[in-house]
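Under my numbering, the letters of the sequence shown match residues 513 to 653, in that order.
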Amino acid sequence: MKKSNSLLIASIIILLGVVVIPVETSADSNENSVSMSSINEKLNLVKITTSMNIPEDNKLPWGTVKGAASDHVERYPIIIQFYKGDEPVHFAQVDVEEDGSYEYKFRVRNVDNNTGEITKIFEGQYTVKIFKVVNNQEKII
């Protein structure tokens with residue numbers, strides 16, 4: 513791998529700051545996997561893969577995926593995909609703010625106010641994939 517590619521990937525890992533936060537759950541940012549592929553000579557697609565664990569005794573209703581897209585390209589949203597094992601369970605698309613940040617809130621559980629019945633939407637271990645379009649930093653001569 514070229515030195516510039518190594519530096520670019522290292523800077524993306526440091527600057528992306530991906531956080532997956534379902535309340536009372538854990539996501540280890542040290543377990544992030546980052547890969548990049550070229551779309552064309554000007555754009556790259558960055559894929560971040562991380563894990564999310566939602567415990568059985570989770571009490572709070574919301575989870576959040578948030579981060580910062582370093583050198584993001586305007587008009588290209590962030591795509592977020594949730595998988596349980598190999599099965600896709602939820603997909604989302606969010607816009608990137610002017611400062612490069614993004615956030616996606618999702619329901620982890622619902623409580624019926626009339627009956628008190630709890631419906632768990634997410635529970636257990638998930639793989640979360642986050643896709644971002646960034647500018648190609650490599651100089652073409």
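Note that beta-carbon positions come from the ideal geometry of N, C-alpha and C, so glycine has one too.
Residue interval of the beta strand (DSSP E) (run including residue 603)
That run of the beta strand (DSSP E) goes 599 to 606.
Runs of beta strand (DSSP E) lying entirely within the stretch 558 to 603, each at least 3 residues, in chain order:
574 to 580, 590 to 596
Thinking C-alpha only, which one of 649, 557, 640, 631 is nearest residue 565?
640
Within 10 Å of its beta-carbon, does residue 644 have 16 or more other beta-carbons around it, so buried, or fewer, so exposed?
Residue 644 comes out buried.
Taking 8 Å as the threshold, find out whether the stretch 561 to 579 comes into contact with the stretch 604 to 619 through three or more Cβ pairs.
Counting Cβ pairs under 8 Å, three or more are found: they touch.
Euclidean distance between Cα positions of residue 594 and residue 547:
17 Å
Measuring alpha carbon to alpha carbon, tell me which residue in 588, 563, 567 is nearest residue 551.
Nearest C-alpha to residue 551: 588.
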